[in-house]
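2 protein chains.
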Amino acid sequence: MDNLHRKIIIEFLSKYAPISKELEEIILEHSGIKTLSKGEVILQEGQVSKECFFILKGCVKKFHLIDGQEKITAFYTEGQVVTPNSYTDGKPSKYFLKTMEETIALFGNPDSEKEAMSLYPELASFIGLVTEKLIVDITDEFDTWVNHTPEERYILLNQERPDLIQRVPQYQIASYIGIKPESLSRIRKRLTN
Amino acid sequence: MDNLHRKIIIEFLSKYAPISKELEEIILEHSGIKTLSKGEVILQEGQVSKECFFILKGCVKKFHLIDGQEKITAFYTEGQVVTPNSYTDGKPSKYFLKTMEETIALFGNPDSEKEAMSLYPELASFIGLVTEKLIVDITDEFDTWVNHTPEERYILLNQERPDLIQRVPQYQIASYIGIKPESLSRIRKRLTN
DNA sequence: TGATTTTCTTAACCAAGGTCAATGAAAAAG
DNA sequence: CTTTTTCATTGACCTTGGTTAAGAAAATCA
């Protein structure tokens, strides 16, 4: 694990609570690092996920297939945790996870998670914090979504995740903000005038 | 606490894991039951929440005030937990919580929660399950929302929470599904034809 | 490099929701 | 039982996004 990756993890973990070097090592030891090539499918619809992961480098999209069309509901990038619902509830996934670029991520599975938690009880409360924070983030995102128009969502996206606009094709951004590529073109035109 | 309320709680708790009579008592002892009258504001925008609650009877709406307009993002009814983001992250709330009817709820606060958890470690892992399930529910709701039109959302709401249509005024249902009351009228007309 | 595929833009027309204003119906208040 | 207020519906007109089809621009590949 190189220094950049280490920094991303530590930065992430420190958001939740002061973290000891010891706990840091425990977490690193119990997760496996993997590199995925561009366009790789991490989770299929109907499949039960056995892994959650943390992105060190790269970008992953989450999408539903509706009438043969991809409907993107999330882009995950560096420093984000991805815990598929299917990983948590053991039910077949309703959505896909697919890399947009070559992606390096730390993978964890329930067995090693349980093992680590039984060895290090402080890990459990730490995971609790991460989980609680996730709820706050998701509900905030939901509220932001429903309280804005597609045009406003595009403006917000430019402000809050300008990197995404650069690295993701526009027609996928369109899907993410809930409109068709043609409409996003028009919105962009409206905005430049 | 009467039998109906007891039943609602036990039904709720059993969704997550088999629950012992003992743990049941612990939870009941550490939460205070309160009755709120119709129209009571539980949480104000800008306020830091010190309580989460579980609804035994009644209905609570969550809404943002945008340009003086209520934008409803959730209705909570019997058997649902409400954990304000502000309760979790300690930051001022971005939204309001207000009762739609007389509402009876079990309230918990961080102090009694921590006390109970230190006395009964098994409670912590139980709360972990509840929290994880919340994430699954919220992301499912989010995905359902973004993948449907207002008309489809209205049809879904009728199927999945027919009680809400009965007990909540239509213009508030309209706000909840993201449209104006006039548009909901038109949708209803379209659907009857 | 030239060829091919992918992505982005434009335009004309359509459908759904927003706005404004008027009217009716239903509930609440007196 | 009225009166008043709140809520729901309707219609005319506007705005935004969807659809379809064509072509331009960019990225990829041979």
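Chain order of the listed sequences is A and B.
Sequential numbering from 1 applies to the first sequence in my numbering.
Sequential numbering from 1001 applies to the second sequence in my numbering.
In this text, a Cβ means the ideal position worked out from N, Cα and C, and glycines have one as well.
ask   = With 16 other CB atoms within 10 Å as the buried threshold, where does Gly198/A fall?
value = Limits of chain A in this structure are 1 at one end and 193 at the other, which puts residue 198/A out of reach.
message = For Thr1099/B and Thr1131/B, what's the separation of their Cα atoms in angstroms?
response = For Thr1099/B and Thr1131/B, the gap between their C-alpha atoms comes out near 23 Å.
task = Could you tell me which chain B residues have their CB closer than 8 Å to the CB of Thr131/A, listed as they occur along the chain?
result = Gly1128, Thr1131, Glu1132 and Ile1135
task = Would you please verify whether the beta carbon of Lys1071/B is less than 8 Å from any beta carbon of chain A?
result = yes
message = Can you confirm whether Gly68/A, when its beta carbon is compared against all beta carbons of chain B, has any partner nearer than 8 Å?
response = no
request  = Return helix, strand or coil for Glu70/A, following the three-state DSSP convention.
outcome  = The DSSP-derived three-state label of Glu70/A is strand.
message = So, for Tyr176/A: in the same chain, excluding its five sequence neighbours on each side, which residues have a beta-carbon less than 7 Å away from its beta-carbon?
response = Ile72 and Phe75
query = Who does Tyr1076/B pair with in a DSSP beta bridge?
reply = Val1060/B
ask   = So Leu1106/B and Ser1020/B are in contact, right, with Cβ under 8 Å, and what is the actual spacing, rounded?
value = In fact, because the Cβ distance is near 18 Å, the residues do not count as touching under 8 Å.
query = If we call anything under 8 Å between Cβ atoms a contact, is Glu102/A one with Thr35/A?
reply = yes
task = Using the Cα positions of Leu129/A and Ser112/A, report the straight-line distance between them to the nearest angstrom.
result = 19 Å
ask   = Would you say Phe142/A reaches chain B, if we count a Cβ-Cβ gap shorter than 8 Å as a contact?
value = Yes, Phe142/A counts as interfacial toward chain B.
message = Beta-carbon within less than 8 Å of Glu45/A's beta-carbon, same chain only, minus the 5 sequence neighbours each way: which residues are those?
response = His64, Leu65, Pro92, Ser93, Lys94, Tyr95 and Phe96
query = Assuming Glu11/A and Gly79/A make a contact with CB atoms under 8 Å, what is their CB distance in whole Å?
reply = 7 Å
Given Pro1084/B as reference, the closest of Arg1190/B, Val1060/B, Lys1007/B and Phe1126/B once Cα atoms are compared = Closest by alpha carbon: Val1060/B.
query = Using a Cβ-Cβ cut-off of 8 Å (strictly less than) and excluding sequence neighbours within five positions of Ala17/A, which residues of its own chain qualify?
reply = Annotation for Ala17/A: Phe126 and Leu129 place their beta carbon closer than 8 Å to its own, counting only its chain and skipping 5 residues before and after.
ask   = How many angstroms separate the CA atom of Cys52/A from the CA atom of Glu1182/B?
value = Using only the alpha carbons, I get a separation of about 44 Å.
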